[in-house]
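S.K.: For reference, each letter of the sequence shown is one residue, going 697 to 820 in the numbering used here. Backbone N, C-alpha and C define an ideal beta-carbon position, used for all residues, glycine too. None of the values given here were measured: they were computed from a predicted structure.
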Amino acid sequence: MTPDEIKGMAVKLLPMPDGLNSAEQMYFTTMRNLSFDWRSKRISAEQAKREGFMARREFDKNSFDLKLWQHTTTMWGKIEMLATRFAKEHTMEVADLFFRTVYGLGENWRAVKPREETKDDTSE
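(1) Check whether the stretch 759-775 and the stretch 739-751 touch, using three or more Cβ-Cβ pairs below 8 Å as the test.
(2) Output the distance between the C-alpha atoms of L801 and A779, rounded to the nearest integer angstrom.
(3) Rounding to the nearest angstrom, what Cα-Cα distance links T725 and T769 in this structure?
(4) Please report the Cβ distance between M697 and P713, rounded to the nearest whole angstrom; I am assuming they are in contact, meaning their Cβ atoms lie under 8 Å.
(5) Can you check whether the CB of A744 is closer than 8 Å to the CB of L730?
(6) Around the C-beta of W734, are 16 or more other C-beta atoms found within 10 angstroms, so that it is buried, or is it exposed?
(7) Kindly list the residues whose CB is nearer than 6 Å to the CB of K774, restricted to its own chain and excluding five residues on each side of it in sequence; keep chain order.
(8) Looking at M788: is its Cβ nearer than 8 Å to the Cβ of N758?
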């Protein structure tokens, strides 16, 4: 679901849809509560709008953090699998796979030639 769809359901005071991740659930409940408070005249429209903008900004941050966490978890799972495989096999193929996984390199990472050193690059 898009953030606008989540907000749309929340401001209509509908039940939370199934399958939302933690960032989406927090955004949904925040927007539903803001809508309810505004309708009950507990907060002004200006305050509801201001807090809605803050909630959206935090939703974007929380969504990014969640994606980063999922990526990191997947990456470490692959690293562990390759480390175990390397401990058993000790081959250059597995070492290359491990190196590529750790550093997020593409399949043709060795195709990139290193830069030639010049006299200015060396610190003699």
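M.R.: In brief:
(1) Judged by Cβ distances under 8 Å, the stretch 759-775 makes no contact with the stretch 739-751, as fewer than three pairs qualify.
(2) Each residue's alpha carbon lies about 17 Å from the other.
(3) Each residue's alpha carbon lies about 27 Å from the other.
(4) That belief holds up - the Cβ atoms of M697 and P713 are roughly 7 Å apart, short of 8 Å.
(5) A744 is positioned such that its CB atom lies closer than 8 Å to that of L730.
(6) Burial state of W734 is buried, judged by a 10 Å Cβ sphere holding 16 or more other Cβ atoms.
(7) Excluding five sequence positions before and after K774, the CB atoms of its chain that fall closer than 6 Å to its own CB belong to T797, given in chain order.
(8) It is not a contact, given that the beta carbons lie outside the stated cut-off.
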